[in-house]
Amino acid sequence: MTPSTSPTGAERHLHQEELIVTKTDLQGRLTYANDVFLHFSALTEDEAIGQPHNLIRHPEMPGGVFALLWERVQAGKEIFAYVKNLGHDGVAYWVFAHVTPTFDGTGAITGYHSMRRAPRRSALPAVERVYAQMRALEAGKPARPAAQESLEWLVGQLAEQDMDYDAWVWSLEAAA
Ligand SMILES: Cc1cc2nc3c(=O)[nH]c(=O)nc-3n(C[C@H](O)[C@H](O)[C@H](O)COP(=O)(O)O)c2cc1C
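Written out as structure tokens, the structure is:
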């Protein structure tokens, strides 16, 4: 399994009552996936478990968002993010994700957990505009420095509006 499916341009929509849940090990390899994840990702459990989570990465997602995700969870913190994923049948789906570390009794991180619900649809055009600008900044550059650069750009843009990342996400997601 490789994250090589091409987007068909089609999109699946999560219903309000549906939740997509996965768990990973410390390297981001899937250790658990619920049925809703398998359905939206067009994968069987055997195809999903043990695979890296970038299995469903959509090419329109900027690396900078995932750089922030990993920075946060490896530091023991949570993150909320808009994520566009790509099922293995080429059908995309947008989620509003909450990603958290899992701790053992000594406080050590043992893995990661993500739960996603349907995003507020009216937030997506603004998210897509920002993500497109981040991808443009990343284009043609080595992945890691490119992701850091686009993340710094986002943080800088938001700082000009007296906002941090969390305030931005919640300004979009909180019902108007
Ligand atoms: C708990 C957890 C859930 C994740 N969920 C997703 C996801 O739904 N889609 C995705 O593309 N990456 C997700 N990631 C991030 C991937 O591990 C990876 O960083 C991202 O797909 C970028 O991959 P790449 O840098 O190899 O291209 C998740 C990571 C963790 C720890």
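At position 112 of the sequence shown (counting the first as 1) the number is 112 in UniProt numbering, and the numbers step up by one without a gap.
Glycine included, C-beta positions come from ideal geometry on N, C-alpha and C.
All values derive from a computational prediction rather than experimental measurement.
Length of the line joining the Cα atoms of residue i and residue j
i	j	result
P3	L43	Its pLDDT being 48, under 50, P3 is placed unreliably in this model, and the coordinates cannot settle the point.
A10	G90	8 Å
G28	G111	8 Å
Q133	E60	11 Å
P142	L26	23 Å
R129	A159	17 Å
Q157	A136	15 Å
T8	E152	31 Å
R57	S122	22 Å
D164	V155	7 Å
Own chain partners of residue i with C-beta closer than 8 Å, once the 5 adjacent residues on each side are dropped
i	result
D166	F80
L69	I79, A81, V99
Close beta carbons around residue i, own chain, < 6 Å, minus the five adjacent residues each side
i	result
L14	A118
E18	V36
A97	A81, V83, S114, R116
Buried versus exposed call for residue i [16 or more other C-beta atoms within 10 Å across all chains shown]
i	result
R116	buried
F103	exposed
G105	exposed
Beta-carbon separation (whole angstroms), residue i vs residue j, contact threshold 8 Å
i	j	result
V95	N85	7 Å
E173	G64	Not a contact, Cβ separation roughly 19 Å.
A67	A147	4 Å
Beta-carbon proximity list for residue i, same chain, < 7 Å, skipping 5 on both sides
i	result
F37	I20, V21, T22
residue 178	The displayed coordinates of the chain run from 1 to 176. Any statement about residue 178 would go beyond what the structure contains.
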